[in-house]
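*Asks:* Protein chains in written order, with full-length UniProt numbering: chain A, 1 to 330; chain B, 1 to 330.
Glycine residues also receive a C-beta, built at the ideal position from the N, C-alpha and C atoms.
Before I ask anything, here is the structure I am working with.
There are 2 protein chains.
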Amino acid sequence: MTPTRRVTSSDVAREAGVSRATVSYVLNNTPRQSIPESTRQRVLAAAQELNYTPHAAARALRAGESNLVLFINTGVPYGVNLSVLLDTLTAEVSATGRSLVIWQQRDPADLATTLAHLQPRLAIALGELDDTQRALLAQARIPTVETDLGRDPVSPDVGTALQIQHLAGHGHRRLGYLTTSQPELERFTVPRLATARSTALELGLTRPLVYDVGPHLPEVSVDALASVLRDWTGGAEPVTAVACYNDICAAACIAAAPRAGLEIPGDLAVIGMDDETMSAFTRPALTTIRLDMISFAEHLWERTSAALENRPEPGLFSSMSFTLVERASV
Amino acid sequence: MTPTRRVTSSDVAREAGVSRATVSYVLNNTPRQSIPESTRQRVLAAAQELNYTPHAAARALRAGESNLVLFINTGVPYGVNLSVLLDTLTAEVSATGRSLVIWQQRDPADLATTLAHLQPRLAIALGELDDTQRALLAQARIPTVETDLGRDPVSPDVGTALQIQHLAGHGHRRLGYLTTSQPELERFTVPRLATARSTALELGLTRPLVYDVGPHLPEVSVDALASVLRDWTGGAEPVTAVACYNDICAAACIAAAPRAGLEIPGDLAVIGMDDETMSAFTRPALTTIRLDMISFAEHLWERTSAALENRPEPGLFSSMSFTLVERASV
DNA sequence: TTGTATGCGTTATCAC
DNA sequence: GTGATAACGCATACAA
Numbered sequence: 001m002t003p004t005r006r007v008t009s010s011d012v013a014r015e016a017g018v019s020r021a022t023v024s025y026v027l028n029n030t031p032r033q034s035i036p037e038s039t040r041q042r043v044l045a046a047a048q049e050l051n052y053t054p055h056a057a058a059r060a061l062r063a064g065e066s067n068l069v070l071f072i073n074t075g076v077p078y079g080v081n082l083s084v085l086l087d088t089l090t091a092e093v094s095a096t097g098r099s100l101v102i103w104q105q106r107d108p109a110d111l112a113t114t115l116a117h118l119q120p121r122l123a124i125a126l127g128e129l130d131d132t133q134r135a136l137l138a139q140a141r142i143p144t145v146e147t148d149l150g151r152d153p154v155s156p157d158v159g160t161a162l163q164i165q166h167l168a169g170h171g172h173r174r175l176g177y178l179t180t181s182q183p184e185l186e187r188f189t190v191p192r193l194a195t196a197r198s199t200a201l202e203l204g205l206t207r208p209l210v211y212d213v214g215p216h217l218p219e220v221s222v223d224a225l226a227s228v229l230r231d232w233t234g235g236a237e238p239v240t241a242v243a244c245y246n247d248i249c250a251a252a253c254i255a256a257a258p259r260a261g262l263e264i265p266g267d268l269a270v271i272g273m274d275d276e277t278m279s280a281f282t283r284p285a286l287t288t289i290r291l292d293m294i295s296f297a298e299h300l301w302e303r304t305s306a307a308l309e310n311r312p313e314p315g316l317f318s319s320m321s322f323t324l325v326e327r328a329s330v
Numbered sequence: 001m002t003p004t005r006r007v008t009s010s011d012v013a014r015e016a017g018v019s020r021a022t023v024s025y026v027l028n029n030t031p032r033q034s035i036p037e038s039t040r041q042r043v044l045a046a047a048q049e050l051n052y053t054p055h056a057a058a059r060a061l062r063a064g065e066s067n068l069v070l071f072i073n074t075g076v077p078y079g080v081n082l083s084v085l086l087d088t089l090t091a092e093v094s095a096t097g098r099s100l101v102i103w104q105q106r107d108p109a110d111l112a113t114t115l116a117h118l119q120p121r122l123a124i125a126l127g128e129l130d131d132t133q134r135a136l137l138a139q140a141r142i143p144t145v146e147t148d149l150g151r152d153p154v155s156p157d158v159g160t161a162l163q164i165q166h167l168a169g170h171g172h173r174r175l176g177y178l179t180t181s182q183p184e185l186e187r188f189t190v191p192r193l194a195t196a197r198s199t200a201l202e203l204g205l206t207r208p209l210v211y212d213v214g215p216h217l218p219e220v221s222v223d224a225l226a227s228v229l230r231d232w233t234g235g236a237e238p239v240t241a242v243a244c245y246n247d248i249c250a251a252a253c254i255a256a257a258p259r260a261g262l263e264i265p266g267d268l269a270v271i272g273m274d275d276e277t278m279s280a281f282t283r284p285a286l287t288t289i290r291l292d293m294i295s296f297a298e299h300l301w302e303r304t305s306a307a308l309e310n311r312p313e314p315g316l317f318s319s320m321s322f323t324l325v326e327r328a329s330v
């Protein structure tokens, strides 16, 4: 492991017997500059031979901007959906010669350091930024797109609407809704609950009963949930179906039902959201809503690169990308 | 949005009535240079006022190295575990004044571009790199730590061993093992299977029967699995317990059992791995192995920063960090 | 084709 | 002790 110096464009220039300027022109295919083929080949060969890679920092310094796109995850827990989003976005961004880089937020205040280290050209925030962070990004003049998972800020919440419509389509009039109070998820839970309510209203259903399973999804008490289900289904006007914030809530609900003496879907229908991998293996298998994350990622990048190039914003995210996954719980 | 120029150290110097050198000395607390308090205050005030942030690229160019630590995810799907690992590692790294940045690998060949853009000081790879990638990192002289999720390359695979021991402790002598052939997961599946076999051997159990549920976890056929379970449990020497590569396989197994006329845990015990969130809500609730990802992340960073500072490698990852989560499926 | 200036922060060296 | 000058790191693009 000899501590060899970095290969710079000077090395290539010397090797090829030309100036550094020429090296730069050849390697960047500068259009305004014609280079004879023979020289070009010599330079290319030298670069190849020495395994030359331009120094990113120097390039960024000179260009005044970097090639990085920063993805800020404010705390949305990872699942298949986020996984696919990140995958697709990464490919999309790298196709433009840039790199997508993900930053997992712990302390919002650390954003300053991260920005200073990275100097991204662009930022995509999943979840909600606070005002200090927005100011920071604005001050650094980094165009930023804030987004929800599968929801364009201006698009309607099609997923939740689909849940309610599906239940109504099966004749259910009195619904329950399971939500969570996990703080990082507020940005998602609040609008989903609102959509559930308004869709039920539009469809002429009664106002859904709501239960908050608590702030920590892995620790949902199945017994407490069972007793809620008993209450909901026991009265004069029993709830016959439950829509859930996500598949984890739904799985808990499916686990709780038998303890309340309820059979699914006979006594109680349950619909989830997100189509997590394990949802295919609950008993009965969970009916849920799947979002085509690939097209959402493409839409998101469309919006982002529009911001980058001062193009007009693209239209709404297509509602066709939400599909009902019909299994056995409704 | 006035296209104001960036604030540079020259601006601060002018504002404070000193030279750029002095600004640098003050802002970096350079030990070899004494600065009187009055000057220091003036510089600090000016920097504050102008909201000065040093240009990362310029600094990196000068220093010859960046403050970035690159986390390369070669394709491990996101779940709670990875989520916690990333969270913890991010905090750990940022405590040292660096930034952890995550790169989701799509095309292994894109690593070259990413490295060129980022010039990370250090790399941590989750999953297996190919030789081209290793060469690339070596050539760029970026110290790299390759790792598995929860398994130090030199530590024994305690998790899988625990699974088998737990089943043996409950009197099971004939085991089945469920694995997957998803290519990105090979790095995990192969050693786990090997450990399952060797542990069974050590414990005097019969050699486990193995079934591969296929390359794509979300599409496991529950029916096919049910028929395998029938085979396994039907012979003269029936399998009485199944250990699974992960909780998803285990959930599929729990879903398949009733179709094979098997009751869990009465006729067949099932144990998973990873303690996914939904595992608490299967029926019966899944017994599984949890890894304390926080301590694993700390260990990983320990190892990584040792590589960085040429300190000796720390010891093995403590096996105490694996715990059995006893629920109802064994 | 090439010399040279430019972008920005850091630090060795030197002057007061 | 205090602070300024100047050179350096590397790639790029204009003028010659």
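8 Å is my cut-off, CB to CB: does B/T96 come that close to chain A?
*Replies:* No, no contact with chain A.
*Asks:* Assuming A/R121 and A/L68 form a contact by the criterion Cβ under 8 Å, report the distance between their Cβ atoms to the nearest whole angstrom.
*Replies:* Right, their Cβ atoms sit about 6 Å apart.
*Asks:* Pick helix, strand or coil for residue 335 of chain B, following the three-state DSSP scheme.
*Replies:* The question about residue 335 of chain B has no answer, for chain B in this structure spans 1 to 330.
*Asks:* Pull up the CB-CB distance for B/M273 and A/M278, whole angstroms please, since I reckon it's below 8 Å.
*Replies:* With 8 Å as the limit, B/M273 and A/M278 do not qualify as a contact, their Cβ atoms being about 13 Å apart.
*Asks:* Just the C-alpha distance for B/T8 and A/F296, rounded to the nearest angstrom, thanks.
*Replies:* Approximately 39 Å, taken between the alpha carbons.
*Asks:* How many angstroms separate the CA atom of A/R283 from the CA atom of A/V145?
*Replies:* About 40 Å.
*Asks:* Within 10 angstroms of its Cβ, does B/D87 collect 16 or more other Cβ (buried), or is it exposed?
*Replies:* Answer is buried; the Cβ neighbour count reaches 16.
*Asks:* Applying the criterion that 16 or more other CB atoms from any shown protein chain within 10 Å of the CB defines a buried residue, is B/L201 buried or exposed?
*Replies:* Looking at its Cβ environment, which holds fewer than 16 other Cβ atoms inside 10 Å, B/L201 is exposed.
*Asks:* Which residue comes first and which comes last in the alpha helix (DSSP H) that contains A/Y25?
*Replies:* Run containing A/Y25: R20 to N28, per the alpha helix (DSSP H) assignment.
*Asks:* Quick one: residues in its chain with C-beta nearer than 7 Å to the C-beta of B/C253, no 5 flanking neighbours on either side, listed in chain order?
*Replies:* The answer, listed in chain order, is L178, L225, V242, C244 and V270.
*Asks:* For the alpha helix (DSSP H) holding B/E313, just list the boundary residues, first then last.
*Replies:* First-last for B/E313: undefined, no H or E at that position.
*Asks:* Below 6 Å CB to CB, which residues in the same chain sit around B/A328 once its five sequence neighbours on both sides are set aside?
*Replies:* Cβ within range, chain order: P284 and A285.
*Asks:* Could you name each continuous alpha helix (DSSP H) segment of 4 residues or more that falls completely within the segment 98 to 129 of chain A, going from the start of the chain to the end?
*Replies:* 111 to 118, all fully within the segment 98 to 129 of chain A.
*Asks:* Can the beta-carbon of A/G79 be found closer than 8 Å to that of A/E276?
*Replies:* A contact, by the Cβ cut-off of 8 Å.
*Asks:* How far does the beta strand (DSSP E) with A/N73 in it extend, from its first residue to its last?
*Replies:* Note, A/N73: beta strand (DSSP E), L68 to N73.
*Asks:* In whole angstroms, give me the CA-to-CA distance for B/R173 and B/A161.
*Replies:* Those two C-alpha atoms are separated by around 15 Å.
*Asks:* Within the continuous beta strand (DSSP E) that includes A/I289, where are the two ends?
*Replies:* Segment T288 to L291, the beta strand (DSSP E) holding A/I289.
*Asks:* A/A16 lies in the alpha helix (DSSP H); which residues open and close that run?
*Replies:* Its alpha helix (DSSP H) spans residues S9 to A16.
*Asks:* Since I believe A/T287 is in contact with A/V325 (beta carbons under 8 Å), could you give me their beta-carbon distance rounded to a whole number of angstroms?
*Replies:* Sure, about 7 Å apart at Cβ, within 8 Å.
*Asks:* Roughly how many angstroms separate the alpha carbons of B/D148 and A/E309, rounded to a whole number?
*Replies:* So the alpha carbons of these two residues sit roughly 40 Å apart.
*Asks:* Give the DSSP-derived three-state secondary structure of B/I264 in the structure shown.
*Replies:* If DSSP states are grouped into helix, strand and coil, B/I264 belongs with coil.
*Asks:* Could you confirm whether any beta carbon from chain A is found closer than 8 Å to the beta carbon of B/M293?
*Replies:* So, not an interface residue.
*Asks:* Is there a Cβ of chain A sitting closer than 8 Å to that of B/R106, yes or no?
*Replies:* Cβ-Cβ to chain A under 8 Å: yes for B/R106.
*Asks:* So, with DSSP's three-state summary, where would you put B/T144?
*Replies:* Strand.
*Asks:* For A/E298, I'd like the list of residues in its chain whose CB is within less than 8 Å of its CB, leaving aside the five on either flank, ordered along the chain.
*Replies:* Result list for A/E298: T88 and E92, in chain order.
*Asks:* So with CB distances below 8 Å, who are the chain A contacts of B/A123?
*Replies:* Residues of chain A passing the Cβ test: none, with the nearest at roughly 13 Å.
*Asks:* Measure how close the beta-carbons of A/A60 and A/S66 come, nearest whole angstrom, since I'm counting them as under 8 Å.
*Replies:* Indeed, because the Cβ distance is near 5 Å, the residues count as touching under 8 Å.
*Asks:* Expressed to the nearest angstrom, what Euclidean distance is found between the alpha-carbon atoms of A/S198 and B/R303?
*Replies:* A/S198 and B/R303: Cα-Cα distance of roughly 53 Å.
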